[in-house]
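Colleague: Using the numbering used here, the letters of the sequence shown correspond one by one to residues 509 to 1239.
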Amino acid sequence: MNFTHLHVHSEYSLLDGMGRIEPLTERARELGMEALGLTDHGNLYGAIEFYLACKSAGIKPILGMEAYIAPGDHLSKTTADRDPFHLVLLAKNQVGWRNLIILSSKAHIDGYYYKPRVDHNLLAQYSEGLIATSGCLGAEVPKLLTAGRYDEAKALATWYRETFEHYYLELQNHPIPELTTVNRGLLDLSHDLDLPLIATNDLHYVNREHSYAHDILLCIQTNSTIHDEKRFRFSGDQFYLKDAREMLDLFPGQPEAIANTMKVADLCDLELDFKHHYLPKYHLPDDRNAETYLADLCWEGLRRRYPTVTEELKQRLEYELDVIYKTNFPDYFLVVWDILRFARERGILYGVRGSAASSIVLYCLGVTTIDPMAARLVFERFLNVERKDLPDIDMDFADDRRDEVIKYVAEKYGYDHVAQIITFGTLGAKAAIRDVARGLGLSFADGDRVARLVPSALHMSLDKALDESPELAQLYEADEGVRHLVDTARTLEGVSRHASTHAAGVVISQEPLMGIAPLQRPNRSDDSGILMTQWPMEDAARIGLLKMDFLGLTNLTILGRSRDLIQETRGLVIDLDALPLEDAKTYKLLSEANTMGVFQLESAGMRRAIKDLQPQSIAELAAMVALYRPGPMQHIPTFIESKFGRMKVQYPHEALKEVLEETYGVIVYQDQVLLILRKFAGYTLGRADIVRKAMGKKIAEMMAAERANFLQGSAELGYDSRVANEIFDLI
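1. If you reduce the DSSP assignment to three classes, tell me which class residue 1142 lands in.
2. Please state whether DSSP places residue 621 in a helix, a strand or coil.
3. Out of 568, 609 and 587, which has the shortest C-alpha to C-alpha gap to residue 574?
4. What residue range is occupied by the uninterrupted beta strand (DSSP E) comprising residue 1006?
5. Can you tell me whether residue 769 is buried or exposed? The criterion is at least 16 other CB atoms within 10 Å of its CB, across all chains shown.
6. Skipping 5 residues on each side, what residues in its chain have a beta carbon closer than 6 Å to that of residue 644?
7. Which stretch, first to last residue, makes up the alpha helix (DSSP H) that contains residue 896?
8. For the segment 523 to 564, list the beta strand (DSSP E) runs that are entirely contained and at least 3 residues long, ordered along the chain.
9. Quick check on DSSP: helix, strand or coil for residue 861?
10. Please state the DSSP three-state secondary structure of residue 577.
11. Who are the near neighbours of residue 1210 in its chain, counting only those whose CB is closer than 6 Å to its CB and skipping five residues on each side?
12. Note down the Cα distance separating residue 755 from residue 747, rounded to an integer number of angstroms.
13. Residue 854 and residue 912 look like a contact to me (Cβ under 8 Å); what is the Cβ gap, rounded to whole Å?
14. If distances are taken between C-alpha atoms only, which option among 901, 1074, 570 and 550 comes closest to residue 612?
15. How many angstroms separate the CA atom of residue 618 from the CA atom of residue 599?
16. When you compare only the Cα positions, how much space is there between residue 1107 and residue 1121?
17. With a 10 Å radius around its C-beta and 16 neighbouring C-beta atoms as the bar for buried, classify residue 1171 as buried or exposed.
18. Compute the Euclidean distance between the alpha carbons of residue 1077 and residue 1083, then round it to the nearest angstrom.
19. Given a threshold of 16 other Cβ atoms within 10 Å of its Cβ, counted over all protein chains shown, does residue 640 qualify as buried or as exposed?
20. Take the Cβ of residue 513 as the centre, count every other Cβ of all protein chains shown within 10 Å, and call the residue buried at 16 or more, exposed below.
21. Assess contact between the segment 1086 to 1096 and the segment 920 to 936, defined as three or more Cβ pairs (one per stretch) separated by less than 8 Å. Is contact present?
22. So, residue 1118 versus residue 1132, is the Cβ gap smaller than 8 Å?
23. What number of angstroms, rounded off, separates the C-alpha of residue 1247 from the C-alpha of residue 1175?
24. How is residue 795 classed by DSSP in three states: helix, strand or coil?
25. Could you tell me the boundaries of the alpha helix (DSSP H) in which residue 817 lies?
26. Residue ranges of each alpha helix (DSSP H) run of no fewer than 4 residues wholly in the segment 1076 to 1155, ordered along the chain?
27. Assuming the contact rule is C-beta atoms closer than 8 Å, residue 730 and residue 740 should be a hit. Round their C-beta distance to whole Å, please.
28. Output the boundary residues of the alpha helix (DSSP H) element that contains residue 873.
29. In three-state terms, what does DSSP make of residue 1057?
30. Short of 8 Å in beta carbon distance, which residues of its chain neighbour residue 475, apart from the five on each side in sequence? Order them along the chain.
31. Between residue 858 and residue 813, is the Cβ-Cβ spacing less than 8 Å?
32. If we count the other Cβ atoms within 10 Å of its Cβ and call it buried at 16 or more, is residue 827 buried or exposed?
33. Rounded to whole angstroms, what is the Cα-Cα separation between residue 588 and residue 579?
34. Consult DSSP for residue 809 and reduce its assignment to one of helix, strand or coil.
35. Just checking my contact of residue 904 with residue 861 at CB under 8 Å: how many whole Å lie between their CB atoms?
36. How big is the Cα-Cα spacing for residue 697 and residue 762?
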């Protein structure tokens, strides 16, 4: 007999569950389970990640939520409303999924009082397509049974049966005295009301051995220690992902409760649509369409940007517009143009990052300020007909005025169409040490002493720290207490700790967001009217929402204030976009490494590199900024030595000289990768961009397959296979 877990908490039941999504789904696959549910407390944070992980593991995903039910009206916020009940809800189909999203959103937006709550009226209004179960000991029916109020429990169960097309009574078996009374009562209700039973395990972690770390996680949540006998804790170590045999053994007299979990799984038939886009439409004059309006703006901008409009410029603009039409993104470009036009008119300093600089359309619209033709930038790196995802235009604004931009967007497209994006803070290596130390009852000094031995580097893990910090490794081996602390922290490392607002992310939708994505307030005191998605940036984009980066930068604020002070004190009006890029005094200042306060050029390592480089052009400066990051950094000495002729410039093949000459034979830019793939293996630039993206993921099977394609293409062009292999390794 098989079994489906329908009451499952992941790490997104923040500081309550610790099951990571991938280990959860992988363990279910190992156990031969055909389906798996996710029912985090009051939210849908992990729903998309879970859905995709299940699909990847060959398991049917059942999306749900353990909702909080207010004792009365969900809008009421008095002392009597502090302890809501629990209720498990599962989405049976698309209608149920939409209703689940709405219920979670309304709970957070309107019903939040210590917990995000809904009430019976909302449940009745949005019950279609949802399956409900009676829940754990904290649910309404079980609480009434615990109190000996069977008739009230019967009446309430009757209401749920009449409200939901499918309502199940949920049996659990843990060493909790009240469960004996509750389960007996549920069996009576099942008999009296002819209600089906299901068995669940209310799992909060993947494996049994994680129960101790979970106890520490609860200590972190409640700010208590493991030595506190009165702390909130779970009874026993059985809240893990059990196999079908273990669950059958838990309920020897109720095989139908096991079998019914499979019936529920069969009832759930939800397929999410990842192909639909909710792109906003730009508000056009009545007699215009987006394509012609965009084209008119671009041709006008082309004449403004270039004193002489050559045939090459015309062809490039026509080509880009054609790609934009074919990919159905004219409105997107108009939306971006309009946002930055607003910023410009209001005197809000802004900058545009990333591959958007390669578009002559954006240059003509005034969105970007770099001539992509002069800089020989590859448009396909930004947008091409072979890539299906949305283009990405990252915008930076002066941080003291970013809110003005978001408010403008919300007022233009509707507050119900715009939201900021959630992000999750996780227990990093140092934080895990300190939090676990507190949960273990250690002093701050003891926890901090160990945490300080963890190297301060990006993406540092405790495993890596033990390899790279001899002092930590020695202490780990010599001190049993430190070993226990570190091992417990390793189990909790990476678990989501809290939710916050992404520093830049904003979504804009053509349709109201309610029902498309779950929403909540950015924080409980926020009264701006701009909500926040419950899904992080990648998941919001996967579901088809247009995500935009509106990053607030202090550097832009400083530039703006400096410009204004110059005007006030010297009477000079400075146009920051018109500053000459060949100014000798500026390069002298840079070559002397006087770059404190200069964005991306002020770290000690960068200042040393700049001093060695002695940059004399914006191209050299751009190359150094691109090189100064993990990985490419190793090529900085080659770049500098080649510039000064102290090292002979070497190209992987003479055919690539045209591509790599300006960077002295070093592959610095992703644009160069695209050009190499085209030059040496005959790729289209669109196909080359897809490969470039795949290479970034470093998936072994994908890389091997692409190597074969590259070698075949280079062979067809007459290149030697040994050289082709070397070039593929380089890129």
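Ideal placement from N, C-alpha and C gives every residue a C-beta, glycine not left out.
Modeller: Reading off the structure:
1. Here DSSP, grouped into helix, strand and coil, assigns residue 1142 to helix.
2. Strand, per DSSP.
3. 609
4. 1004 to 1016
5. buried
6. Here the set comprises 594 and 710.
7. Judged by DSSP secondary structure, residue 896 falls outside any alpha helix (DSSP H); it is assigned neither H nor E.
8. Unbroken beta strand (DSSP E) runs of no fewer than 3 residues, entirely contained in the segment 523 to 564, are found at 543 to 546, following chain order.
9. strand
10. In the structure shown, the three-state DSSP call for residue 577 is strand.
11. 1202
12. 11 Å
13. 7 Å
14. Among 901, 1074, 570 and 550, the Cα nearest to that of residue 612 belongs to 550.
15. Taking the straight line joining both Cα atoms gives about 22 Å.
16. Each residue's Cα considered, the two are about 18 Å apart.
17. Under a 10 Å Cβ-count criterion, residue 1171 is classified as buried, with 16 or more other Cβ atoms of the shown protein chains found around its own Cβ.
18. 16 Å
19. buried
20. buried
21. no
22. yes
23. As shown, the chain starts at 509 and ends at 1239. That puts residue 1247 outside it, with no answer to give.
24. For residue 795, the secondary structure class from DSSP, reduced to helix, strand or coil, is coil.
25. Annotation: residue 817 is outside any alpha helix (DSSP H) and is labelled neither H nor E by DSSP.
26. 1092 to 1099, 1112 to 1121, 1126 to 1135 and 1144 to 1151
27. 5 Å
28. 868 to 873
29. strand
30. There is no way to answer for residue 475, as the model of the chain reaches only from 509 to 1239.
31. no
32. exposed
33. 8 Å
34. helix
35. Under the criterion of beta carbons closer than 8 Å, residue 904 and residue 861 qualify as touching, at roughly 6 Å.
36. 14 Å
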